[in-house]
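Chemist: In the numbering used here, the protein residues as written are 1 to 1020. Idealized CB from N, CA, C, for every residue including glycine.
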Amino acid sequence: MRRVRSRFAGWLLLALLAGNAARSQKLATVTFAVEDGLPSQVILDLAQDGDGRLWILCRGGLTVFDGRTFRPPPRAGEFPGEPPVALTHDQAGRIWVASARTGPQVAYVDRGTWRSLPRPPLREGDFGIVTSLAAAGGDGGPLVLVGSSDAGLLVWDGRGWQVIGREQGLPAADVRRLQPLPGAVAVATSAGLCLFSNRQLDCQPRQVDRRLREPIYAVAAAGDDPSDLWVLGRGWLGRLTDRRLEVVAEGLDAQTYFPAPNGALAVGPEGGIYFGSPGQLHYRQPATGAVAPLGRREGLASEGATAVLVDREANVWIASMRGLTMISSRRFLSFDRGQGLLEDEVSAIAEPAPGRLLLGHNTGFTVMEEGVAVSTIRFPGPVDGPLNSQRVLDLAVGGDGITWAAATGRGLLRLSTDGRWRSRRFDSAVMSVELDAGGTLWVATRERLYSRRPDGTFADHPFPQLTRPRWLYLHQGTLYLATTAGLRWYDGERWHRAAGPRASANNVYGVLVTAGGAVWVGTGAGLYELRDGRLAAVEDPLLERPVYALRQGPPGEVWLGTDDGVWVWDGETLRQLTVRHGLAGREVNRGALWLDQKGRIWIGTDRGLSVYRRRFDRRPAAPPRVLLRGIEALGKHLPATADLHLSHRQNHLVFLLETIAFSHHEGVRYRYRLDGFDRGWQEDVPVAESGIRYTNLEPGRYRFHVAARWADGDWGPEAASAAIVIARPLWREPSFLAAVGLALAGIVLGLHRLLTRALRRRAQQLAAINARLQETIAEKARAEAERERLIAELEAKNAELERFTYSVSHDLKSPLVTIKGFLGFLRKDVADGNLERAARDLELIRGAAETMGQLLDELLELSRVGHQQSPPEPIPLDELVQEAVDLVAMRLAARGIEVEVAPELPAVVGERRRLRELLQNLIDNAAKFMGEQTAPRIEIGARRVGGEVTCYVRDNGMGIEPHYQTKIFGLFERLHPYIDGTGIGLTLAKRIVETHGGRIWVESAGRGQGATFYFTLPAA
């Protein structure tokens, strides 16, 4: 080993120099210029609409920014024909512009459509140049103020224009700036400050202080009270409260500061004040009141500002003559060479004394005092090898104030408090240094492990199978060593080794024993822990990216440095902070994550140094806004705000979104649902820039909903489409199906009639029809089914005809046999001359003939049922009952049968003759089968249920056994052969009821229990 002694460039002395204390701090900024989409670098004013879009007034015209894309403004409606020169927004979020090339023209955007106010009745040149525009509202309607360069104020009160100049009390004819306030509008002029409230001009603020009678360049509200204002004057900034002006900054170079007629002034989200002019911009700290310039050194596009706007997410937008800047957050202050560091990359951090930081770089050190870089020390001599061959990888500060540095190829550096330093080289590059509780220095080189003895010599510690150590970490007497082959640790007696499940998990960069006692290990595979002698992935929090540095932060927090920023674990939530949040660089170096004695976290990255400021770490003040730009169907762009009626082919929909978010689009989370398709929200899903796609949607009614939030925030307002109706294809429309059904029914009916006629004529035609049906495959199945049905119907009718023929032949045969037999007797009696017997024979023959005639008459009557002889008509049922009772009155009287008819019988619809015949048959049937009843009785009644009347004829006669109750309506069915009758009456009654669309049945408890015949008819 070779020892080198040198002077460390008087680093302690330089650290105390205050000459460089004014070095700036770099902010988390994003700048925009022409190459990013701005129509011009010169930006005149800013405004934000109700949806959150940023409207930018450039020298070349208007442009609108949603966080991703600069777009031209809408052109619908009365778009101003001249380039706007002033821009503002009102409380409703509407954008207002003013043009003045040929006299003031004021217009505003209402739901994407421009609307213009009437032009003021002024001659060209009377008004001068428009300097500012303000729009407010109140009980009296909209209020619009236009500021002029030499004609005062032009005011629109909803009814007309009026000019307010010096004659009306305005202190000067040139208006520098108009600023809407809660309940008022501030009017800044070259002769002081006035307020326009309650539609009147109030210049009392000018009486508060002489400065308020001098040129005023900008005004901003300090709160909700219009009397609490920040005011920017010539070379000073003050706060006006309770009729008292407190100047908080003055002595500014007015000639340099205000080359333009107006200034920029805004209150930041943390309470700080941004103020300035196109030539210079300053920021006033809210806590200390210190004022510092803001410009290119701090990351802005320009040294000055034409306008400052704080958006709904609490980002600060600064317009300038050289472009647009967004300050997304002040949670990080960052430093690089522009702020005095030796290099951008910071590889190690230590705190030799409270408030003093020592930063390690590739080629030396930077000393910072209270957040300001005060000196740099570059290693002497040429760099031997790559730039990082002498990189400072680790720093350790002892209780005696000595700082030890692991400087790879340059060896171990010892920095003493007297400003001297010594270098000691080892067998290989020095990777890490650590001091234990007893003050012993441990040194890990690329190949071996050493400890420093009290006499200054170094002891070599045997280390079996050591592979490329990276990092030393001591905790309560246990020495942990991060290597490229897993984690090793020494417990005072022996070495142990823990390996991970794969090679990248064995690539260990850092170790930390947490406040809870867990041994966390940063590996190339992510965050692991020592568990049961092995390396296992930490499940909560789960982090699956390379972890280079681990540091216990403020109580309850662990900070993890990775290849993409830092991750903070608070015991419940793992949160990422990266360049999008203001961090200086993307990759955190393993020796450059430090918690100082004031509780601040310092992060050294590949692009600079950042310090985390908790008081400025805030989530955006408002969630991101997502809007529906439209819907695409079959490549056609459709509006999302109007009901859509699409064809069945347009069932592939893409919902086009516009997300208005400025902080960082990568942190936006979405949820959406399509009513009619999704059962619930699809939450926290990625959304492609091309939109949200739904394919193969069924015909139906849909409505799309979408909302957005930040990763750790609440859901923002929901955007919803209008109704979307996808029509059924023609072949699925009810009208089409009905038409097809009717056509098919017509075809079937025609075939049915054709086949019926063919079957009636001859069986040969059935074969011909069947042959024709087979000519088309499409009709074959229907024709075959119809043929089978007709055959079955024919067979059924044939079977019925056979039964009918059998019954007729049987019942007709009986009187024929009687006639034939008694004709023989008649011949014999005539031959014998027995005229008395011959007369009796003739009487019997006549009775048999009359029976046959009655039978044939009733069969004829049965065949006529169903052939309508007169049109159906409403008939009072009590009339029909009375007519039927009169027809069988003789039989009833002969049997002494009492008939009881229910009162107020309903009316029915039908053929009067047939219905009378129906009742006559049922009453006659009841009379015939009364039996030996001593008090025969028939009851007739009816009741209406809906559109139907149920009638009944009840007797107390012979009754009907249950097993006969379904047979009695059959042709020639007779239960009592000894009782006169043909067996056709009930069959006839059944046919009459059925032809009227009704039904008939009988109920009886059995023999001797009487019977009740029920039948239904349509109600009148």
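Do the stretch 541-548 and the stretch 288-300 meet, that is, are 3 or more Cβ pairs less than 8 angstroms apart?
Modeler: Because the criterion of three Cβ pairs below 8 angstroms is not met, the stretch 541-548 and the stretch 288-300 do not touch.
Chemist: Can you give me the Cβ contacts of G251 inside the same chain, cut-off strictly under 7 angstroms, excluding the 5 residues immediately before and after it?
Modeler: Within the sequence shown, numbered from 1, the residue matching residue 251 stands at position 251. Correct list, in chain order: G235.
Chemist: Whole-angstrom Cβ separation of A406 and M431, contact assumed at under 8 angstroms?
Modeler: Against the sequence shown, residue 406 aligns to sequence position 406. Against the sequence shown, residue 431 aligns to sequence position 431. So it is a contact: roughly 6 angstroms between Cβ atoms.
Chemist: I need the straight-line Cα distance from T1016 to A989, nearest angstrom please.
Modeler: For the purposes of this step, residue 1016 is taken as the residue at position 1016 of the sequence shown. For the purposes of this step, residue 989 is taken as the residue at position 989 of the sequence shown. Distance between the alpha carbons of T1016 and A989: 12 angstroms.
Chemist: Quick one: residues in its chain with C-beta nearer than 6 angstroms to the C-beta of L54, no 5 flanking neighbours on either side, listed in chain order?
Modeler: Translated into the one-based positions of the sequence shown, residue 54 becomes position 54. Excluding sequence neighbours, L54 sits near Q48 and F65.
Chemist: At 3 residues or longer, what runs of the beta strand (DSSP E) sit wholly inside the stretch 176-237?
Modeler: If we require 3 residues or more, the beta strand (DSSP E) runs fully inside the stretch 176-237 come out as 184-189, 192-197, 200-202, 216-221 and 229-233.
Chemist: I'd like the span of the beta strand (DSSP E) that includes T987, first residue to last.
Modeler: Along the sequence shown, one-based indexing puts residue 987 at 987. Element bounds for T987: not the beta strand (DSSP E) but the alpha helix (DSSP H), G985 to T995.
Chemist: Apart from the five residues just before and just after A1005, which ones in its own chain have a Cβ nearer than 6 angstroms to its Cβ?
Modeler: For the purposes of this step, residue 1005 is taken as residue 1005 along the sequence shown, with counting starting at 1. Cβ neighbours of A1005 beyond the five flanking positions: none.
Chemist: Does K1021 come out as helix, strand or coil in the three-state DSSP assignment?
Modeler: No information on residue 1021 is available, as it lies outside the stretch 1 to 1020 that the chain covers here.
Chemist: Does any residue of chain B have a CB that is nearer than 8 angstroms to the CB of V1002?
Modeler: The structure shown contains no chain B, having only a single protein chain.
Chemist: Quick one: grab the DSSP three-state call for K598.
Modeler: As a position in the sequence shown, residue 598 is number 598, starting the count at 1. Note: K598 maps to coil in three-state DSSP.
Chemist: Excluding the 5 residues preceding and the 5 following V397 in the sequence, name in chain order all residues of the same chain whose CB lies nearer than 6 angstroms to its CB.
Modeler: Against the sequence shown, residue 397 aligns to sequence position 397. Excluding residues within five positions, the ones whose Cβ falls inside 6 angstroms are A350, P352 and T403.
Chemist: Of all the beta strand (DSSP E) runs that stay within the bounds of the stretch 615-680, which reach a length of 3 or more residues?
Modeler: If we require 3 residues or more, the beta strand (DSSP E) runs fully inside the stretch 615-680 come out as 625-633, 636-638, 644-646, 653-660 and 668-675.
Chemist: Alpha carbon to alpha carbon, what distance is there between A894 and A935?
Modeler: For the purposes of this step, residue 935 is identified with residue 935 of the sequence shown, where counting begins at 1. For the purposes of this step, residue 894 is identified with residue 894 of the sequence shown, where counting begins at 1. Approximately 13 angstroms between the Cα atoms of the pair.
Chemist: Can you tell me which residues form a DSSP beta bridge with E843?
Modeler: Here residue 843 refers to the residue found at position 843 of the sequence shown. Bridge partners of E843: none, in fact.
Chemist: Assuming the contact rule is C-beta atoms closer than 8 angstroms, I660 and G52 should be a hit. Round their C-beta distance to whole Å, please.
Modeler: Taking the sequence shown and counting its residues from 1, one reaches residue 660 at position 660. Taking the sequence shown and counting its residues from 1, one reaches residue 52 at position 52. So it is a contact: roughly 4 angstroms between Cβ atoms.
Chemist: Just curious, the alpha helix (DSSP H) that A1021 is in, first and last residue?
Modeler: Nothing about residue 1021 can be reported from this structure: the residues present for the chain run from 1 to 1020 only.
Chemist: For P83, collect the residues of the same chain with a Cβ closer than 6 angstroms to its Cβ; drop the 5 residues on either side in sequence, then sort them by chain order.
Modeler: Along the sequence shown, one-based indexing puts residue 83 at 83. G61.
Chemist: Would you identify the three-state DSSP class for R448, choosing helix, strand or coil?
Modeler: As a first step, residue 448 is located in the sequence shown; it is residue number 448 there, counting from the start. Note: R448 maps to coil in three-state DSSP.
Chemist: Give me the residue from L749, F79 and Q650 with the minimum Cα distance to Y694.
Modeler: Residue mapping note: residue 694 aligns to position 694 of the sequence shown, counting from 1. Minimum Cα distance to Y694 is reached at Q650.
Chemist: Can you give me the Cβ contacts of R211 inside the same chain, cut-off strictly under 6 angstroms, excluding the 5 residues immediately before and after it?
Modeler: Looking up residue 211 in the sequence shown gives position 211. Around R211: G233.
Chemist: Note down the Cα distance separating L535 from G582, rounded to an integer number of angstroms.
Modeler: For the purposes of this step, residue 535 is taken as residue 535 along the sequence shown, with counting starting at 1. For the purposes of this step, residue 582 is taken as residue 582 along the sequence shown, with counting starting at 1. Their backbone Cα atoms lie some 33 angstroms apart in a straight line.
Chemist: How would you write the range of the alpha helix (DSSP H) that A926 sits in, first residue to last?
Modeler: Locating residue 926 in the sequence shown gives position 926, where the first residue counts as 1. R912 to K928 is the extent of the alpha helix (DSSP H) around A926.
Chemist: Judging by CA-CA distance, which residue of D712, A739 and F704 is the nearest neighbour of I724?
Modeler: Numbered from 1 along the sequence shown, position 724 holds the residue referred to as residue 724. Ranking D712, A739 and F704 by Cα distance to I724 puts F704 first.
Chemist: Beta-carbon separation of A218 and L265 under 8 angstroms?
Modeler: As a working note, residue 218 is residue 218 in the sequence shown. As a working note, residue 265 is residue 265 in the sequence shown. Closer than 8 angstroms, so yes.
Chemist: Is the beta carbon of S148 sitting closer than 8 angstroms to the one on V106?
Modeler: Here residue 148 refers to the residue found at position 148 of the sequence shown. Here residue 106 refers to the residue found at position 106 of the sequence shown. Going by C-beta atoms, S148 is not nearer than 8 angstroms to V106.
Chemist: Identify, in the order they occur along the chain, each residue of the same chain with its Cβ nearer than 6 angstroms to the Cβ of N388, setting aside the five sequence neighbours on each side.
Modeler: In the sequence shown, the residue the question calls residue 388 occupies position 388. Closer than 6 angstroms at Cβ, skipping near neighbours: N362.
Chemist: In the structure shown, what three-state DSSP assignment does S334 receive?
Modeler: Position 334 of the sequence shown holds residue 334. DSSP places S334 in strand when its eight states are reduced to three.
Chemist: I'd like to check one pair, W567 with R580: are the Cβ atoms closer than 8 angstroms?
Modeler: For the purposes of this step, residue 580 is taken as residue 580 along the sequence shown, with counting starting at 1. For the purposes of this step, residue 567 is taken as residue 567 along the sequence shown, with counting starting at 1. No, Cβ-Cβ distance for R580 and W567 is not below 8 angstroms.
Chemist: Between the alpha carbons of Y1014 and R701, how many angstroms are there, rounded?
Modeler: Taking the sequence shown and counting its residues from 1, the one referred to as residue 1014 is at position 1014. Taking the sequence shown and counting its residues from 1, the one referred to as residue 701 is at position 701. About 51 angstroms.
Chemist: Nearest by alpha-carbon distance to I95: which of T63, P104 and T69 is it?
Modeler: Translated into the one-based positions of the sequence shown, residue 95 becomes position 95. Measuring from the Cα of I95, the nearest candidate turns out to be T63.
Chemist: Taking all protein chains shown into account, do 16 or more other C-beta atoms lie within 10 angstroms of the C-beta of T641, making it buried, or fewer, making it exposed?
Modeler: One-based indexing of the sequence shown puts residue 641 at position 641. Exposed: under 16 other Cβ atoms inside 10 Å.
Chemist: Can you name the residues that DSSP bridges to Q774?
Modeler: Within the sequence shown, numbered from 1, the residue matching residue 774 stands at position 774. Per DSSP, none; premise fails for Q774.
Chemist: With a threshold of 16 other CB atoms inside 10 Å of the CB of A98, please say whether the residue is buried or exposed.
Modeler: The residue given as residue 98 occupies position 98 in the sequence shown. The residue is buried, with at least 16 neighbouring Cβ atoms inside 10 Å.
Chemist: Opposite T366 in the DSSP bridges: which residues?
Modeler: Your numbering for residue 366 matches position 366 in the sequence shown. DSSP, once it has assigned bridges, lists L359 and T376 as partnering T366.
Chemist: Quick check on the burial criterion: 16 or more other C-beta atoms within 10 angstroms. Buried or exposed for D418?
Modeler: Position 418 of the sequence shown, counted from the start, is the residue given in the question as residue 418. Exposed.
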